[in-house]
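Enquirer: Take a look at this one; I'll ask things after.
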Amino acid sequence: MRQKSSKAAICSIPAYCLRGIGCRHILIGGGGGSAKTGVPNQIQLFLLGYDSNFDLQKGIYESSNQMVARLSDVVDTGQSASMNMDCISLSDEPYYGRFLIVAGQDEFCALYETKHFSLSEMDGVVNFDRRFDAPSNLSFHVQELVRIQTDKHPGDDSYQKCVRLFRAGLDCNSPLKMATAGTDAFVRVWSIANVLRNVRTKNSFDRALFESGSVPVLRDVTPELEICTKSTSVDDLDVSPSGDVLATVLPDQTVLWDLSAFGKRLAEIPTRENGSEKALSNKFKVRSLRFANLSKNGTEINFVTAHNQRIRTSNEISFLCLWLFERQKGNCRMVGTKVAFKETVSCLELSECGRFSAVGSMGGSVALFDTLSLSPLSVLRQTHCSFVTALSFLPQRSCDVKDLGHIGETISHNLPSKRCFLPGICADFRCALVSVSVDRTIQVHQFPFPTQSSFSAFLFRLSILTSVLYVLLWTLFA
Numbered sequence: 031m032r033q034k035s036s037k038a039a040i041c042s043i044p045a046y047c048l049r050g051i052g053c054r055h056i057l058i059g060g061g062g063g064s065a066k067t068g069v070p071n072q073i074q075l076f077l078l079g080y081d082s083n084f085d086l087q088k089g090i091y092e093s094s095n096q097m098v099a100r101l102s103d104v105v106d107t108g109q110s111a112s113m114n115m116d117c118i119s120l121s122d123e124p125y126y127g128r129f130l131i132v133a134g135q136d137e138f139c140a141l142y143e144t145k146h147f148s149l150s151e152m153d154g155v156v157n158f159d160r161r162f163d164a165p166s167n168l169s170f171h172v173q174e175l176v177r178i179q180t181d182k183h184p185g186d187d188s189y190q191k192c193v194r195l196f197r198a199g200l201d202c203n204s205p206l207k208m209a210t211a212g213t214d215a216f217v218r219v220w221s222i223a224n225v226l227r228n229v230r231t232k233n234s235f236d237r238a239l240f241e242s243g244s245v246p247v248l249r250d251v252t253p254e255l256e257i258c259t260k261s262t263s264v265d266d267l268d269v270s271p272s273g274d275v276l277a278t279v280l281p282d283q284t285v286l287w288d289l290s291a292f293g294k295r296l297a298e299i300p301t302r303e304n305g306s307e308k309a310l311s312n313k314f315k316v317r318s319l320r321f322a323n324l325s326k327n328g329t330e331i332n333f334v335t336a337h338n339q340r341i342r343t344s345n346e347i348s349f350l351c352l353w354l355f356e357r358q359k360g361n362c363r364m365v366g367t368k369v370a371f372k373e374t375v376s377c378l379e380l381s382e383c384g385r386f387s388a389v390g391s392m393g394g395s396v397a398l399f400d401t402l403s404l405s406p407l408s409v410l411r412q413t414h415c416s417f418v419t420a421l422s423f424l425p426q427r428s429c430d431v432k433d434l435g436h437i438g439e440t441i442s443h444n445l446p447s448k449r450c451f452l453p454g455i456c457a458d459f460r461c462a463l464v465s466v467s468v469d470r471t472i473q474v475h476q477f478p479f480p481t482q483s484s485f486s487a488f489l490f491r492l493s494i495l496t497s498v499l500y501v502l503l504w505t506l507f508a
C-alpha cells in the first residue's frame with residue numbers, strides 16, 4: 031500500500047501558516063498583506079472529510095475515499111496577513127469546542143476564541159463536481175478578543191515572526207501562556223489570564239486601526255517574562271512539552287532558556303569547525319527547531335533541528351539533527367544526524383507523539399522521517415508548485431464526541447483527561463499530514479502502515495527457492 035497524496039482544496043488566498051484545531055478542522059492564515067493587490071487577508075477554517083454527496087429527496091448517496099477540505103468559516107484580518115499561528119484547547123473536554131487561536135499580524139498578535147461548535151452554510155472551496163445537495167458544514171463560532179503589540183522594533187519593519195501557546199505544566203488546568211518573538215530580538219512570555227483581564231478592564235485601548243472600534247489594541251501590556259537574546263532577530267522558537275524550557279533559533283546560534291528560572295540561559299547548540307558532523311559547521315545554520323515528546327522523565331528533553339546552508343549553492347543540501355538535553359548536567363549533545371533534502375528546508379513539524387518528523391522544502395517537496403532514527407519514511411518530490419509554507423499532522427483519534435470512546439484517566443497538556451479510542455479521520459494510516467504552499471493548494475498526505483509478508487507468501491518463496499536449488503544440484507551431480 032503506497033502513500034496517498036491528494037489535493038484537498040484550493041485556497042482563495044496565499045497560505046503562510048497552518049494549524050490543526052480539534053479533531054477534524056484546520057486553520058489557514060495568509061493573504062495579500064498591506065499592499066492593495068485585491069487579495070484579502072483572512073484566516074480560513076476548513077473541515078476535513080471524505081468526498082461524500084447525497085440528495086435526501088431522491089435518496090441518492092455517493093462516497094469516495096478522496097480526502098477533501100470544505101471551507102466552513104472565514105475571519106477577516108483587515109489590512110494585515112497572518113504570518114504565524116498557534117492554537118490550543120481551553121478545556122480538557124474538546125466536545126465543548128472552546129479553543130484559543132493566536133496569529134501574528136505585522137507587529138501585533140491577534141487573539142481569537144471559539145465559544146462553541148456551529149453549523150456553516152458556506153460552500154466548500156474544492157475542485158470537485160457538486161451534483162448533489164451539500165450538507166451544512168461543522169464549524170466554530172470564532173470571536174476576536176484583542177490585539178497585542180508583541181514586537182517593538184523601530185521603523186516600518188517591525189513584525190512578529192513566531193508564536194507558541196503552551197501550559198506551564200503537564201496538567202490541562204495549568205496556567206496558559208504565550209511566547210512571542212520577532213525582529214526586535216526579544217522573547218516575551220505572556221500570561222493569557224492577565225491579557226484577558228486587561229481586555230475586561232479596558233486598559234490603554236487604541237481603536238484607530240479598527241473601523242468598527244469593537245476590538246481593542248493593547249500596546250503597553252507588560253509581559254510576564256522578557257528575554258533579551260542579544261541578537262538581531264529571533265527566527266523561530268518552541269516550548270518543551272512540560273512548558274519549562276524555551277528554545278530560540280537566532281541567526282548565529284540556537285539557545286535553550288529556563289522559563290521556570292526567570293529566563294535563565296541553559297545551553298547552546300554546539301558548533302564544530304572541523305568535526306565530522308557537517309551540519310554543525312559554520313557553513314550551515316539552524317532553520318527551525320521542534321521539541322519531541324519522547325522522554326518519559328523531565329530531566330531529558332529531545333528536540334529536532336533542521337539545518338540549511340548559509341550561502342545557497344548549486345549543490346544544495348540540508349540536514350536533520352536529533353538532540354538530547356540533559357537538564358541535570360546542563361549538557362546538550364547530538365544523538366544523530368541525516369540528510370533531509372538535496373534542497374533547502376522551508377518548514378519543520380513533529381507529530382504530537384514525537385515519533386514522526388515532517389519537513390517541507392523550498393522546491394515544494396514534503397518528506398516524512400522517523401524521529402528516533404531520522405531514517406526517511408517517504409519523500410514526495412515537488413508535490414507543490416512552490417515552496418511549502420507550513421505543515422500540520424492530523425490526529426489519530428477523535429476526542430470531541432461526548433461520553434463516547436473514552437477510557438482511563440491519562441492527562442496530557444493538550445489532550446482530554448480521558449484517553450480516547452474512537453478513530454480519527456485518518457486512522458487507517460500510520461500518520462497523516464497536511465501541507466500548504468503559496469501555490470494555494472491544500473494537500474493531505476496519508477502514509478500507510480508498513481506491510482508485512484504473510485506466511486503463505488513466505489512458503490511460496492521458500493518452495494520456489496527449494497525448487498531452484500534442487501534443479502541446480504540435480505544438474506551438477508546427475
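Just so it is clear: in the sequence shown, position 356 is 386 by the numbering used here, and no numbers are missing.
Ideal Cβ placement from N, Cα and C applies to all residues, glycine included.
In three-state DSSP terms, what is Val396?
Expert: Within the sequence shown, the letter at position 366 stands for residue 396. Of the three classes helix, strand and coil, the one that applies to Val396 here is strand, per DSSP.
Enquirer: At what residues does the beta strand (DSSP E) containing Val98 begin and finish?
Expert: Taking the first residue of the sequence shown as 1, we reach residue 98 at position 68. Element bounds for Val98: 97–106.
Enquirer: Is Cys192 near Asn114, with beta carbons less than 9 Å apart?
Expert: Locating residue 192 in the sequence shown gives position 162, where the first residue counts as 1. Locating residue 114 in the sequence shown gives position 84, where the first residue counts as 1. Going by C-beta atoms, Cys192 is nearer than 9 Å to Asn114.
Enquirer: Tell whether a beta-carbon distance below 9 Å holds between Gly68 and Gly59.
Expert: In the sequence shown, residue 68 corresponds to position 38, counting from 1. In the sequence shown, residue 59 corresponds to position 29, counting from 1. No, they are not a contact pair.
Enquirer: Check this for me: beta carbons of Gly50 and Ile43, under 9 Å apart or not?
Expert: For this step, residue 50 is matched to residue 20 along the sequence shown. For this step, residue 43 is matched to residue 13 along the sequence shown. Result no, Cβ atoms of Gly50 and Ile43 do not sit closer than 9 Å.
Enquirer: Who are Asp288's beta bridge partners in DSSP?
Expert: As a position in the sequence shown, residue 288 is number 258, starting the count at 1. Asp288 pairs with Val275, Lys294.
Enquirer: Lys359 to Val389, Cα distance in whole Å?
Expert: Translated into the one-based positions of the sequence shown, residue 359 becomes position 329. Translated into the one-based positions of the sequence shown, residue 389 becomes position 359. When rounded, the distance between both Cα atoms is 31 Å.
Enquirer: Output the residue ranges of the alpha helix (DSSP H) runs that lie fully inside the region 206–234 and measure 4 residues or longer, sorted by chain position.
Expert: Those alpha helix (DSSP H) runs which fall completely within the region 206–234 and span 4+ residues are 222–231.
Enquirer: According to the Cβ coordinates, are Phe355 and Glu330 closer than 9 Å?
Expert: Working through the sequence shown from its first residue, we reach residue 355 at position 325. Working through the sequence shown from its first residue, we reach residue 330 at position 300. Yes; because the gap between Cβ atoms is below 9 Å, this pair is in contact.
Enquirer: From the DSSP output, in three-state form, read off Tyr189 for me.
Expert: Numbered from its first residue, the sequence shown carries residue 189 at position 159. In this structure, Tyr189 counts as coil in the three-state DSSP scheme.
Enquirer: What residue from Ser428, Ile178, Gln339, Phe371 has the CA that sits closest to Arg411's CA?
Expert: In the sequence shown, the residue the question calls residue 411 occupies position 381. Selected option, being the one with the closest Cα: Phe371.
Enquirer: Considering only C-alpha positions, which residue in the set Asp400, Gly212, Ala487, Gly384 is nearest to Arg194?
Expert: Here residue 194 corresponds to residue number 164 of the sequence shown, with the count starting at 1. Minimum Cα distance to Arg194 is reached at Gly212.
Enquirer: Where do the ends of the beta strand (DSSP E) carrying Ile341 lie?
Expert: Position 311 of the sequence shown, counted from the start, is the residue given in the question as residue 341. Here Ile341 belongs to no beta strand (DSSP E), and DSSP marks it neither H nor E.
Enquirer: Evaluate the contact criterion for the region 214–232 versus the region 317–334: three or more CB pairs, one atom per stretch, below 8 Å.
Expert: These segments do not touch.
Enquirer: Distance check for Thr481 and Ser493, CA to CA, integer angstroms please.
Expert: By 1-based counting over the sequence shown, the position of residue 493 is 463. By 1-based counting over the sequence shown, the position of residue 481 is 451. Approximately 22 Å between the Cα atoms of the pair.
Enquirer: Keeping to the same chain, check which residues put their C-beta closer than 6 Å to that of His146; ignore five residues upstream and five downstream.
Expert: Working through the sequence shown from its first residue, we reach residue 146 at position 116. Result list for His146: Gly127, His171, in chain order.
Enquirer: What residues in its chain sit with their C-beta under 6 Å from that of Lys294, if we drop five residues either side in the sequence?
Expert: The count along the sequence shown starts at 1 and reaches residue 294 at position 264. If we look at Lys294 and ignore the five residues flanking it on each side, its Cβ neighbours are Asp288.
Enquirer: Going by DSSP in three states, Leu506 sits in which element: helix, strand or coil?
Expert: In the sequence shown, residue 506 corresponds to position 476, counting from 1. Three-state DSSP puts Leu506 in a helix.
Enquirer: Give the straight-line distance between the Cα atoms of Glu256 and Pro184, rounded to the nearest whole angstrom.
Expert: Within the sequence shown, numbered from 1, the residue matching residue 256 stands at position 226. Within the sequence shown, numbered from 1, the residue matching residue 184 stands at position 154. So the two alpha carbons sit approximately 18 Å from each other.
Enquirer: Using a Cβ-Cβ cut-off of 8 Å (strictly less than) and excluding sequence neighbours within five positions of Leu53, which residues of its own chain qualify?
Expert: Start at 1 with the first residue of the sequence shown, and residue 53 comes out as number 23. Residue identity differs from the one stated: residue 53 is Cys in this sequence, not Leu. Within the same chain, Cys53 has close Cβ partners Pro124, Pro425, Arg427, Ser428, Cys429, Asp430, Gly454, Ile455.
Enquirer: Cys351 lies in the beta strand (DSSP E); which residues open and close that run?
Expert: Translated into the one-based positions of the sequence shown, residue 351 becomes position 321. Run containing Cys351: 348–356, per the beta strand (DSSP E) assignment.
Enquirer: Alpha carbon to alpha carbon, what distance is there between Glu254 and Glu439?
Expert: Within the sequence shown, numbered from 1, the residue matching residue 439 stands at position 409. Within the sequence shown, numbered from 1, the residue matching residue 254 stands at position 224. At Glu439 the pLDDT is 45, less than 50, meaning the model places this residue with poor confidence; the figure from the coordinates comes in the next sentence. Spanning the two alpha carbons is a distance of roughly 32 Å.
Enquirer: At the level of alpha carbons, what is the spacing between Thr401 and Val334?
Expert: Start at 1 with the first residue of the sequence shown, and residue 401 comes out as number 371. Start at 1 with the first residue of the sequence shown, and residue 334 comes out as number 304. Rounded to whole angstroms, Thr401 to Val334 spans 8 Å at the Cα level.
Enquirer: Does any residue of chain C bring its CB to less than 9 Å from the CB of Leu421?
Expert: Checking the listed chains, one finds no chain C in this structure; it contains a single protein chain.
Enquirer: Rounded to whole angstroms, what is the Cα-Cα separation between Pro281 and Leu130?
Expert: Here residue 281 is taken as the residue at index 251 of the sequence shown, counted from 1. Here residue 130 is taken as the residue at index 100 of the sequence shown, counted from 1. Those two C-alpha atoms are separated by around 30 Å.
Enquirer: In this structure, does DSSP put Val155 in helix, strand or coil?
Expert: Position 125 of the sequence shown, counted from the first residue, corresponds to residue 155. Since pLDDT at Val155 reaches only 42, below the 50 mark, its modelled position is unreliable, and no value is offered.
Enquirer: Give every residue of the same chain whose Cβ lies closer than 7 Å to the Cβ of Lys373, excluding the five residues on either side of it in the sequence, and list them in chain order.
Expert: Numbered from its first residue, the sequence shown carries residue 373 at position 343. Contrary to the premise, residue 373 reads as Glu rather than Lys in this sequence. Only Glu346, Ser348, Ser391, Met392, Gly393, Ser395 meet the Cβ criterion.
Enquirer: Relative to the C-alpha of Ser188, which residue among Ser119, Ser110, Ser204 is closest?
Expert: Working through the sequence shown from its first residue, we reach residue 188 at position 158. Closest option to Ser188, Cα to Cα, is Ser110.
Enquirer: What's the call for Asp186, buried or exposed, on a 16-neighbour Cβ count within 10 Å?
Expert: The residue given as residue 186 occupies position 156 in the sequence shown. Asp186 comes out exposed.
Enquirer: In three-state DSSP terms, what is Gly50?
Expert: The sequence position of residue 50 within the sequence shown is 20, counting from 1. Residue state, collapsed to three classes: strand.
Enquirer: Please report the straight-line C-alpha distance between Asn312 and Gln283, rounded to a whole angstrom.
Expert: Working through the sequence shown from its first residue, we reach residue 312 at position 282. Working through the sequence shown from its first residue, we reach residue 283 at position 253. Those two C-alpha atoms are separated by around 10 Å.
Enquirer: Candidates Val279, Ala291, Lys308, Ser290: which alpha carbon is nearest Ile299's?
Expert: Start at 1 with the first residue of the sequence shown, and residue 299 comes out as number 269. Nearest option by C-alpha distance: Val279.
Enquirer: What is the rounded straight-line gap between the Cα of Lys37 and the Cα of Ser387?
Expert: If you number the sequence shown from 1, residue 37 lands on position 7. If you number the sequence shown from 1, residue 387 lands on position 357. So the two alpha carbons sit approximately 21 Å from each other.
Enquirer: Could you tell me the alpha carbon to alpha carbon distance between Gln509 and Gly108, rounded to whole angstroms?
Expert: Summary: the structure shown does not reach residue 509, with the chain confined to residues 31 through 508, and so no result is reported for it.
Enquirer: So the candidates are Ala133, Lys66, Ser169, Ser408; which of them puts its Cα closest to the Cα of Leu78?
Expert: What you label residue 78 is simply residue 48 of the sequence shown in a count that begins at 1. Looking at the Cα atoms, Ser169 is the closest of the given residues.
Enquirer: Can you check DSSP and say which residues form a bridge with Cys202?
Expert: As a working note, residue 202 is residue 172 in the sequence shown. For Cys202, which the question treats as bridged, DSSP gives no partner whatsoever.
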